[in-house]
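**Q** This is the structure I want to talk about, given as structure tokens.
In this note's numbering, the protein residues as written are 10 to 316.
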């Protein structure tokens, strides 16, 4: 989803020399395959958007895959990029890097100040390692090799190209599919995990892609002014959040489902709130443009075309 959006944004800006691979074409957990890719393609810049991702169910069910695969992807790509002489790289993390009970909205300096949300800790640990890997290469090879590896931490993303798997998807695509099927089968009720009270922030993926290209092209002096050697990541969020219950009713509206919505409080909620403080990036000049209802409408249109 994110990689495709970045490709769209780069193409929109006039870039024509784009090099990319699908998961089927290149297994990023395979060190030899990644090495061969970099040696043969010799890219100038790298956007590292690849990751194994999922919602609460997937994180709880596949913790070993989530930590192993994501660590391998990051280690292989970042290290081979360095070995191949890549000077600029952008690593995409996640808002789950922050402690479960971090002060809201979560600022960049909340990293490593408390315990993580248990349901996605393996994924979060991998993403934190990616941030620290970029920082470490900058500290060791910044001056000697011109390395400039940056990290952005997006809030919850949604939009074209999302994963609509009935069990392993994130909350928006999961609910889009569930409400669509409930409407199609005339179901009287849709049951949703949790109490519906946790608050979540959502950003349309094309807004995220614009932020990625914006950060990649920021002059180094500007990036260095708002970061530090041991805290070089920037938050990317929409700026406001909604409850899961509010989100569910909004998706029901967009999909045209008119039945009852019930919340199963025996299922886990996850973190009570995850709102990002994106003021640093916004002060640099980036702003989101797609509001939640408009973004959900475009997302549902794509889902209907695919289904």
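Glycine included, every Cβ here is placed at the ideal spot set by N, Cα and C.
(1) Counting C-beta neighbours from all protein chains within 10 Å, is the total for residue 157 16 or more, i.e. buried, or is it exposed?
(2) Is it the case that the segment 304-313 contacts the segment 220-233, given that we only count it when at least three CB pairs across the two stretches are under 8 angstroms?
(3) On the CB-based measure, 16 or more other CB atoms within 10 Å of its CB, does residue 216 come out buried or exposed?
(4) Taking the beta carbon of residue 104 as the centre, do at least 16 other beta carbons fall within 10 Å, making it buried, or is it exposed?
(5) Just list the residues that DSSP pairs residue 121 with in beta bridges.
(6) How close, in whole Å, do the beta carbons of residue 242 and residue 140 come, if the pair is a contact with beta carbons under 8 angstroms?
(7) Hey, could you find the ends of the alpha helix (DSSP H) residue 72 is sitting in?
(8) Do you know whose CA, among 65, 39, 123 and 154, lies nearest residue 84's CA?
(9) Who are the near neighbours of residue 143 in its chain, counting only those whose CB is closer than 6 angstroms to its CB and skipping five residues on each side?
(10) Assuming contact is defined by CB atoms lying nearer than 9 angstroms, are residue 240 and residue 48 in contact in what I supplied?
(11) Is the segment 121-128 close to the segment 268-283, with three or more CB pairs under 8 angstroms?
(12) Going by DSSP, what residues sit across from residue 242 in a beta bridge?
(13) Can you tell me whether residue 314 is helix, strand or coil according to DSSP?
(14) Suppose you measure from the CA of residue 31 to the CA of residue 299; what does that come to, to the nearest Å?
(15) I'd like to know whether the C-beta atoms of residue 256 and residue 184 end up nearer to each other than 9 angstroms.
(16) Mind checking which residues open and close the alpha helix (DSSP H) that includes residue 226?
(17) Residue 204: which of 296, 272 and 304 sits nearest, CA to CA?
(18) Check the C-beta distance from residue 220 over to residue 290 and give it rounded, since I have them as a contact under 8 angstroms.
(19) Less than 9 angstroms between the C-beta atoms of residue 356 and residue 106, yes or no?
(20) With distance defined between alpha-carbon atoms, name the residue in 182, 170 and 265 nearest to residue 16.
(21) Helix or strand or just coil, what does DSSP make of residue 278?
(22) On the DSSP letters alone, give me the boundaries of the beta strand (DSSP E) that residue 165 sits inside.
(23) Cα separation between residue 249 and residue 194?
(24) Compare the C-alpha of residue 178 against each of 64, 150 and 71 and name the closest.
(25) So residue 111 and residue 55 are in contact, right, with Cβ under 8 angstroms, and what is the actual spacing, rounded?
(26) Find the nearest neighbour of residue 208 within the set 284, 57, 173 and 149, judged by alpha-carbon distance.
(27) Less than 6 angstroms between C-beta atoms, sequence neighbours within five positions excluded: which residues of the same chain meet that for residue 164?
(28) Suppose contacts are defined by Cβ-Cβ distances below 9 angstroms. Is residue 59 in contact with residue 82 by that definition?
(29) Quick check on residue 187: does DSSP put it in helix, strand or coil?
(30) Spatial neighbours of residue 222 within its chain, please: C-beta separation below 8 angstroms, excluding the five flanking residues on both sides.
(31) Taking the beta strand (DSSP E) that residue 54 belongs to, which residues open and close that run?
(32) Once the 5 residues before and after residue 50 are set aside, which same chain residues still bring their CB inside 6 angstroms of it?
(33) Suppose you measure from the CA of residue 61 to the CA of residue 229; what does that come to, to the nearest Å?
**A** Quick answer:
(1) For the purposes of this step, residue 157 is identified with residue 148 of the chain shown, where counting begins at 1. Per the 10 Å Cβ criterion, buried.
(2) no
(3) Here residue 216 refers to the residue found at position 207 when the chain shown is read from its first residue. Per the 10 Å Cβ criterion, buried.
(4) As a position in the chain shown, residue 104 is number 95, starting the count at 1. Per the 10 Å Cβ criterion, buried.
(5) Within the chain shown, residue 121 is the residue found at index 112, counting from 1. According to the DSSP secondary-structure assignment, residue 121 is paired through a beta bridge with no residue.
(6) Here residue 242 refers to the residue found at position 233 of the chain shown. Here residue 140 refers to the residue found at position 131 of the chain shown. With 8 angstroms as the limit, residue 242 and residue 140 qualify as a contact, their Cβ atoms being about 5 angstroms apart.
(7) Along the chain shown, one-based indexing puts residue 72 at 63. Note, residue 72: alpha helix (DSSP H), 72-92.
(8) On the chain shown, position 75 is the one that residue 84 refers to. Per the Cα distances, 39.
(9) Against the chain shown, residue 143 aligns to sequence position 134. Result list for residue 143: 100, 158 and 160, in chain order.
(10) For this step, residue 240 is matched to residue 231 along the chain shown. For this step, residue 48 is matched to residue 39 along the chain shown. For residue 240 and residue 48, no; Cβs fall outside 9 angstroms.
(11) Enough Cβ pairs lie closer than 8 angstroms, so yes.
(12) Taking the chain shown and counting its residues from 1, one reaches residue 242 at position 233. Answer is 160.
(13) Residue mapping note: residue 314 aligns to position 305 of the chain shown, counting from 1. Reduced to three states, the DSSP call for residue 314 is helix.
(14) In the chain shown, the residue the question calls residue 31 occupies position 22. In the chain shown, the residue the question calls residue 299 occupies position 290. In a straight line, the C-alpha of residue 31 is about 27 angstroms away from that of residue 299.
(15) Looking up residue 256 in the chain shown gives position 247. Looking up residue 184 in the chain shown gives position 175. Their beta carbons are under 9 angstroms apart, which means residue 256 touches residue 184 by this criterion.
(16) Against the chain shown, residue 226 aligns to sequence position 217. Counting along the chain, residue 226 falls outside any alpha helix (DSSP H), and DSSP gives it neither H nor E.
(17) In the chain shown, residue 204 corresponds to position 195, counting from 1. For the residues 296, 272 and 304, the minimum Cα distance to residue 204 belongs to 272.
(18) Position 211 of the chain shown, counting from 1, holds the residue named residue 220. Position 281 of the chain shown, counting from 1, holds the residue named residue 290. At roughly 7 angstroms, the Cβ-Cβ gap stays under 8 angstroms, so residue 220 and residue 290 are in contact.
(19) Lying before the first or after the last residue shown, residue 356 is absent from the chain, which here runs from 10 to 316.
(20) For this step, residue 16 is matched to residue 7 along the chain shown. That would be 170, whose Cα lies nearest to the Cα of residue 16.
(21) Counting from one through the chain shown, the residue named residue 278 turns up at place 269. Residue 278: coil per DSSP, three-state reduction.
(22) Translated into the one-based positions of the chain shown, residue 165 becomes position 156. Following the DSSP letters along the chain, one finds residue 165 inside the beta strand (DSSP E) bounded by residues 165-167.
(23) Here residue 249 is taken as the residue at index 240 of the chain shown, counted from 1. Here residue 194 is taken as the residue at index 185 of the chain shown, counted from 1. Straight-line Cα distance between these residues: approximately 34 angstroms.
(24) Here residue 178 is taken as the residue at index 169 of the chain shown, counted from 1. It is 64 whose Cα lies nearest to the Cα of residue 178.
(25) Along the chain shown, one-based indexing puts residue 111 at 102. Along the chain shown, one-based indexing puts residue 55 at 46. Residue 111 to residue 55, Cβ: 29 angstroms. No contact.
(26) Position 199 of the chain shown, counted from the start, is the residue given in the question as residue 208. When only C-alpha atoms are compared, the closest one is 284.
(27) Counting from one through the chain shown, the residue named residue 164 turns up at place 155. So the qualifying residues of the chain are 104, 210, 212, 246 and 285.
(28) Walking along the chain shown from the start, residue 59 turns up at place 50. Walking along the chain shown from the start, residue 82 turns up at place 73. Contact: yes.
(29) Translated into positions along the chain shown, residue 187 becomes position 178. Of the three classes helix, strand and coil, the one that applies to residue 187 here is helix, per DSSP.
(30) Within the chain shown, numbered from 1, the residue matching residue 222 stands at position 213. Sequence-distant partners of residue 222 (beyond 5 residues in either direction) whose C-beta falls short of 8 angstroms from its own C-beta, in its chain, are 15, 18, 19 and 22.
(31) Here residue 54 corresponds to residue number 45 of the chain shown, with the count starting at 1. 54-57 is the extent of the beta strand (DSSP E) around residue 54.
(32) The residue you call residue 50 lines up with position 41 of the chain shown. Closer than 6 angstroms at the Cβ level, and outside the excluded window around residue 50, lie 28.
(33) Stepping through the chain shown from its first residue, residue 61 is reached at position 52. Stepping through the chain shown from its first residue, residue 229 is reached at position 220. Their Cα atoms are separated by approximately 30 angstroms.
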